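Heads up, the thing below is written out as structure tokens.
Number of protein chains: 2
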Amino acid sequence: MVEAAPGTSSEQLIVRPIGRIHSPFEEPAGTPVQSSMATGVCGTVEIFPDYEEGLRDLEGFERIWLLYWLHQAPPARLTVIPFLDDRKHGVFATRAPCRPNPLGLSCVKLIEMKGNVLVIEGVDILDNTPLLDIKPYYPRFDVFPVNRSGWFDEVPPGDRLADDRFNRRGPGGT
Amino acid sequence: MVEAAPGTSSEQLIVRPIGRIHSPFEEPAGTPVQSSMATGVCGTVEIFPDYEEGLRDLEGFERIWLLYWLHQAPPARLTVIPFLDDRKHGVFATRAPCRPNPLGLSCVKLIEMKGNVLVIEGVDILDNTPLLDIKPYYPRFDVFPVNRSGWFDEVPPGDRLADDRFNRRGPGGT
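Heads up: the protein sequence lines correspond to chains A and B, in order. According to our numbering, the residues represented by the first sequence are 35 to 208, in order. According to our numbering, the residues represented by the second sequence are 35 to 208, in order.
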């Protein structure tokens, strides 16, 4: 761990991939925006052999959280026009990929575990994404009733696919 | 970004804190195990001024995800006896802190936003924890029905506080 200046944003912390996510999506455009919009889309998670022992008993869970590195994310922006809206919001009020720390979070369905390979469904993740962590999804820990969901409450329902707005100069920009 | 050997666990990726979480808990022992077990426990999130613009419109959300660095986590273990059980499980089938990448995830209630400071409730996080990301909590993205939750299904309900099992040699060990 390198700590250049603790307490400021110049402090550096190091993460290392524990595996790799494989999916049908090679580029952002056309990828489902969220796991809940990717029903039926399957992929696999390959855990590096050094970490396989950490998977013990994971097969009992119907859903799992994947934390991963958004390896194709463009440089961070503090305000963005997200895929689901045509207005600008602070990046922390969105799930857009161009975040100061490009950390992705998806709740996927665990279909099958074969040794160090997990077959998953509900994949909104790009091929070859570096995996950083897996956590079990547990409604008692992860489900909360909410009455307000900010600007999402004003957006019409309907599934969306990503476009290339964050990977080109254009209206998604700052 | 340093990439020592892409595709293996020796690849290194760098994250930088975007802020700091303040809570009543200075050490793991006695800290609520999950946000859902920390009702009424308040804390604050201080966003470093460089990132304040990214908070725009966050105040509309009742709950937010905090992704953070488990700065007091002991070295990683691949199998653990978690706080909620007396049997050993793979670390990725638990929410234990001693993970290969010490990334924490909590869904907290956003009570108030005052400039670059967020007042939060449901705090299961240690004081001075480095914050890495904030994402809005949105039931359509984050709530899924599940029928099976692995070993959690066999554990009696009831709130728990953490003990010091991961910070000493003992039964929580490898």
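In this text, a Cβ means the ideal position worked out from N, Cα and C, and glycines have one as well. What you are looking at is a predicted structure, and each value in this text was computed from that prediction instead of being measured.
Residue(s) in a DSSP beta bridge with residue i
i                      : result
residue 163 of chain B : B/55
residue 147 of chain B : B/152
residue 9 of chain A   : The first residue shown for chain A is 35 and the last is 208, placing residue 9 of chain A beyond what the model contains.
residue 70 of chain A  : Answer is none; residue 70 of chain A lacks a bridge partner.
residue 168 of chain A : A/100
residue 113 of chain B : B/124
residue 132 of chain B : Its beta-bridge partners do not exist; DSSP assigns none.
residue 180 of chain A : Answer is none; residue 180 of chain A lacks a bridge partner.
residue 140 of chain B : B/100
residue 89 of chain B  : DSSP output for residue 89 of chain B lists no bridge partner at all.
residue 195 of chain A : A/66
Neighbourhood of residue i by C-beta, 6 Å cutoff - its chain only, sequence neighbours within 5 removed
i                      : result
residue 36 of chain A  : For residue 36 of chain A, the predicted structure reports a pLDDT of 44, less than 50, and the residue's modelled location is therefore unreliable. A value from the coordinates is still provided. Within the same chain, residue 36 of chain A has close Cβ partners 46.
residue 49 of chain B  : 166
residue 122 of chain A : 113, 115
residue 64 of chain B  : 195
residue 146 of chain A : 153
residue 207 of chain B : In this prediction, residue 207 of chain B has a pLDDT of 38, which is less than 50 and means its spatial position is unreliable; nothing more can be read from the coordinates.
residue 76 of chain A  : 155
Opening and closing residue of the beta strand (DSSP E) in which residue i lies
i                     : result
residue 97 of chain B : 97–103
residue 81 of chain B : 76–81
residue 47 of chain B : 47–49
Cα-Cα separation, residue i to residue j
i                      : j                      : result
residue 283 of chain A : residue 54 of chain B  : The requested residue 283 of chain A does not occur in the structure, where chain A is confined to residues 35 to 208.
residue 51 of chain B  : residue 60 of chain A  : 29 Å
residue 44 of chain A  : residue 190 of chain B : 44 Å
residue 78 of chain A  : residue 140 of chain A : 13 Å
residue 173 of chain B : residue 180 of chain B : 14 Å
residue 91 of chain A  : residue 186 of chain B : 11 Å
residue 74 of chain A  : residue 86 of chain A  : 26 Å
residue 56 of chain A  : residue 107 of chain A : 17 Å
residue 120 of chain A : residue 177 of chain A : 28 Å
residue 160 of chain B : residue 109 of chain B : 17 Å
residue 153 of chain B : residue 80 of chain B  : 9 Å
residue 104 of chain B : residue 162 of chain B : 10 Å
residue 111 of chain A : residue 69 of chain A  : 23 Å
residue 144 of chain A : residue 84 of chain B  : 38 Å
residue 192 of chain B : residue 175 of chain B : 27 Å
residue 93 of chain A  : residue 188 of chain B : 15 Å
Residues near residue i in its chain [Cβ-Cβ closer than 7 Å; skip 5 each side]
i                      : result
residue 194 of chain B : 67, 71, 117, 118
residue 171 of chain B : 95, 97, 98, 99, 141
residue 124 of chain B : 112, 113
Distance between beta carbons of residue j and residue i, contact taken as under 8 Å
i                      : j                      : result
residue 98 of chain B  : residue 142 of chain B : 6 Å
residue 200 of chain B : residue 134 of chain B : Not quite, the Cβ-Cβ distance comes to about 14 Å (not below 8 Å), so this is no contact.
residue 183 of chain A : residue 95 of chain B  : 6 Å
residue 169 of chain A : residue 129 of chain B : 6 Å
residue 126 of chain A : residue 88 of chain B  : 5 Å
residue 58 of chain A  : residue 198 of chain A : The Cβ separation is near 17 Å, so there is no contact.
Opening and closing residue of the alpha helix (DSSP H) in which residue i lies
i                      : result
residue 174 of chain A : 173–176
Neighbourhood of residue i by C-beta, 8 Å cutoff - its chain only, sequence neighbours within 5 removed
i                      : result
residue 101 of chain B : 137, 138, 139, 165, 166, 167, 168, 169
Check: residue i C-beta below 8 Å from any heavy atom of the ligand SAH
i                      : result
residue 175 of chain B : Annotation note on the ligand SAH: not contained in the displayed structure, which lists no ligands.
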